[in-house]
Amino acid sequence: MSRTQKLFTYSALSIWAFVAIFPIWTLIVNSFKPQKEIFSNPFGLPQNFTLEGYKAVWLKGNFGTYFLNTIYVTVISLALIIFFGSLAAYALAKWNSKSSTALYVFFIAGLMIPIRLGTIDLVRLMQFLNLQDTIWSLIPVYVAMGMPISIFILTAFVKNLPREMFDAAKVDGASEWRIYLQIVVPLLRPAIATVAIFNMMKIWNDFWFPLVFIRAEESRTVALGVSLLFGQYRTDWTRALSTLSLAAIPILILYILLSREFIKGLTAGAVKG
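Heads up, the sequence shown is in the numbering used here, so the first residue is 1 and it goes up one at a time.
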């Protein structure tokens, strides 16, 4: 790579990093400012540092309950998505037939069909199952929403694994279940990290289905709770930005912990070795 190309690449990456980090910076610094200073000094460091927004979130609101509800829903949904998605990917990658191809296309079609189109039927289903106004109504929907992208990513990874490795394991007497647990799952870590990050962002930030399914105060999620802070005529921006800052922490932590595997997952298909 020439010097000019390096300069252009680093400049483009620096601009992109600034575009990505600037909203997070604005969100965090403004959460430590009084209401008036947010409008008079929206981008600078706080001149009148305050923690009133964070105190109001924890002491006066039910953010702790919303936060725990969202964690429960996200963790359970991700676990089910990764488990069933990896099982389906392993089966579809090994099963070479017209039926497997049709089944794969059926799953992938979910990437092109918005699940919100079935909202009315989903509401009726949750009412029939007596799950309305509970966090358990969200988990089946999120699992269904996350399966297409999970099967798409994981199947591609399993297909790239050497067939000889599976044949050698079978010669040694390994069952399909043992091959899946001890060979496939460890090798799928980059893909699983990619699936986890993609799906966590959608689940954690989802506003539509909690709004439709949940009215009870004790079952609300973070996204739904944050929306209640924005009034028609007045908004407590310090409290709202403090809530949004706290809500962003789990996603940032997950990305930091899985960033190396996530990058491997994104680049694995680009290099053939």
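Backbone N, C-alpha and C fix where the C-beta goes; we use that ideal spot for every residue, glycine too. Here the structure is a predicted model, which is why all the values come from computation and not from measurement.
Is it true that the CB of residue 158 sits closer than 8 Å to the CB of residue 85?
Residue 85 sits at position 85 when you count from the first residue of the sequence shown. Residue 158 sits at position 158 when you count from the first residue of the sequence shown. Not a contact, by the Cβ cut-off of 8 Å.
Does the count of Cβ pairs from the region 43-55 and the region 233-240 closer than 8 Å reach three?
Touching, yes.
With a 10 Å radius around its C-beta and 16 neighbouring C-beta atoms as the bar for buried, classify residue 14 as buried or exposed.
By one-based count along the sequence shown, residue 14 stands at place 14. Classification of residue 14: exposed, given that the 10 Å Cβ count is below 16.
Just the Cα atoms here: how many angstroms apart are residue 213 and residue 98?
For the purposes of this step, residue 213 is taken as residue 213 along the sequence shown, with counting starting at 1. For the purposes of this step, residue 98 is taken as residue 98 along the sequence shown, with counting starting at 1. Distance between the alpha carbons of residue 213 and residue 98 is about 38 Å.
Count the other CB atoms within 10 Å of the CB of residue 12; is the residue buried (16 or more) or exposed (fewer)?
The residue labelled residue 12 in the question sits at position 12 within the sequence shown. Under this definition residue 12 is an exposed residue.
On the CB-based measure, 16 or more other CB atoms within 10 Å of its CB, does residue 256 come out buried or exposed?
Stepping through the sequence shown from its first residue, residue 256 is reached at position 256. Classification for residue 256: exposed.
In or out: residue 122 buried (at least 16 other Cβ within 10 Å) or exposed?
Taking the first residue of the sequence shown as 1, we reach residue 122 at position 122. Buried, since its Cβ has 16 or more Cβ neighbours within 10 Å.
According to DSSP, is residue 128 helix, strand or coil?
For this step, residue 128 is matched to residue 128 along the sequence shown. Correct three-state label for residue 128: helix.
Give every residue of the same chain whose Cβ lies closer than 6 Å to the Cβ of residue 174, excluding the five residues on either side of it in the sequence, and list them in chain order.
By 1-based counting over the sequence shown, the position of residue 174 is 174. Closer than 6 Å at the Cβ level, and outside the excluded window around residue 174, lies no residue.
Taking residue 64 as the reference, which of 146, 230, 226 and 251 has the closest Cα?
On the sequence shown, residue 64 is found 64 positions in, with the first residue counted as 1. Ranking 146, 230, 226 and 251 by Cα distance to residue 64 puts 226 first.
Run through DSSP, which three-state label would residue 230 get?
The residue labelled residue 230 in the question sits at position 230 within the sequence shown. Residue 230 falls in the strand class under three-state DSSP.
Rounded to whole angstroms, what is the Cα-Cα separation between residue 119 and residue 254?
Start at 1 with the first residue of the sequence shown, and residue 119 comes out as number 119. Start at 1 with the first residue of the sequence shown, and residue 254 comes out as number 254. Rounded to whole angstroms, residue 119 to residue 254 spans 29 Å at the Cα level.
Taking the DSSP output, what are the residues bridged to residue 235?
Here residue 235 is taken as the residue at index 235 of the sequence shown, counted from 1. Bridge partners of residue 235: 230.
Run through DSSP, which three-state label would residue 279 get?
The displayed coordinates of the chain run from 1 to 273. Any statement about residue 279 would go beyond what the structure contains.
Are there 16 or more other CB atoms within 10 angstroms of the CB of residue 234, so buried, or fewer, so exposed?
As a working note, residue 234 is residue 234 in the sequence shown. By the neighbour-count rule (16 or more Cβ atoms within 10 Å), residue 234 is not buried but exposed.
In chain order, what residues of the same chain lie with their CB nearer than 7 Å to the CB of residue 230, ignoring the 5 residues before and after it?
For the purposes of this step, residue 230 is taken as the residue at position 230 of the sequence shown. 240, listed in sequence order.
Would you identify the three-state DSSP class for residue 137, choosing helix, strand or coil?
Here the question's residue 137 lines up with position 137 in the sequence shown. The answer is helix: DSSP assigns residue 137 an H, G or I state.
Okay, do the region 69-77 and the region 214-223 touch, 3+ Cβ pairs below 8 Å being the bar?
With the cut-off at 8 Å, the region 69-77 and the region 214-223 touch.
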